[in-house]
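Residue 281, in my numbering, is where the sequence shown stops; the numbers in between run on with no holes. Backbone N, C-alpha and C fix where the C-beta goes; we use that ideal spot for every residue, glycine too. All values derive from a computational prediction rather than experimental measurement.
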Amino acid sequence: MRIMVTGGAGYIGSHAAQLLLEQGHRVVVVDNLYRGHLAAIERLRSTIDEPDRLVFVKADCTDAAAMTETMRTNGVEAVMHFAALTYVGESVEQPLEYHRVNTGGMISMLAAGDAAGVDRFIFSSTAATYGEPPVQPIREDTPQRPINPYGASKLHAERVLSDYGAARRAAGKPFAAAALRYFNVAGSDPTGVLGEWHVP
């Protein structure tokens, strides 16, 4: 399968791309390199025998036209959307930028997918959408009440994804999606090819 991984030069996205490559998929990594690392792509490329199974496109997920063109050119069949701004403190200082990138990025990605005929999406959300729930452990159906713009922007993106999926299904069109709400991610792949990289 040909899978687009946005934010694929970042920490979580690069590990997802690595797993997809190990499973024999063709991967199109899209990253603007604002916080991603080109070295991650180079390391991934060094692990595969068929270099054409990994394509890197420097572009921004908020650019719907560029995303549409990338999907069409590369025959993308599914999207794993990791590209985002992710610092809670920064989100409090720059809420508009977080909503522009995180919520707006989802809108752009879905519009591009619609134009390019891509009907399978996995969205990298966050447990920050839950805020500080009074009951532990947190379950999938725990009410989502984010307490910062980062969590709110991801929750809004989830709702955009849900609304779009509902509209597609109501129109009799196929669409499959999932939102992953993980907590603190740490560590590296067992081979040590990739790991955490906190600069910048």
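Taken in chain order, the complete alpha helix (DSSP H) segments of 4 residues or longer contained in the region 126-173 are 145-155.
Collapsing the DSSP output to three states places Ile-228 in coil. The Cβ atoms of Val-108 and Arg-124 do not sit closer than 8 Å to each other. The alpha helix (DSSP H) runs lying completely inside the region 205-257 and spanning 4 residues or more are 230-251, given in chain order. Beta-carbon to beta-carbon, Val-111 and Met-85 are separated by about 6 Å, close enough to satisfy the 8 Å threshold. Counting along the chain, Met-82 sits inside no beta strand (DSSP E), nor does DSSP assign it H or E at all.
Following the DSSP letters along the chain, one finds Asp-112 inside the beta strand (DSSP E) bounded by residues 107-112. Taking all protein chains shown into account, Ile-228 has fewer than 16 neighbouring C-beta atoms within 10 Å of its C-beta and is therefore exposed.
Taking Lys-254 as reference, the option from Pro-224, Gly-186, Asp-200 with the minimal CA-CA separation is Asp-200.
For Pro-176, the enclosing alpha helix (DSSP H) stretches over residues 176-179. Its Cα nearest to that of Phe-256, the residue Gly-194 stands out among Gly-94, Gly-105, Gly-194. In its chain, beyond the 5 residues on either side, Val-86, Thr-87, Gly-88, Gly-89, Gly-91, Ile-93, Gly-94, Ala-97, Ser-205 have a beta carbon closer than 8 Å to the beta carbon of Phe-163.
In this structure, Ala-145 and Ser-172 do not form a Cβ contact; the two beta carbons are roughly 23 Å apart against a cut-off of 8 Å. Looking only at Gly-117, Val-136, Arg-249, Glu-178, the smallest Cα-Cα distance to Asn-155 is reached by Val-136. Comparing alpha-carbon positions, the option among Leu-114, Glu-131, Asp-244, Ile-122 lying closest to Asp-141 turns out to be Leu-114. Here the alpha carbon of His-106 sits roughly 11 Å from the alpha carbon of Glu-158. Excluding the 5 residues flanking it on each side, Pro-176 has same chain C-beta neighbours closer than 6 Å at Pro-230, in chain order.
The criterion of a C-beta distance shorter than 8 Å is not satisfied by Thr-210 and Arg-153.
A distance of 8 Å or more separates the beta carbons of Asp-270 and Gln-104.
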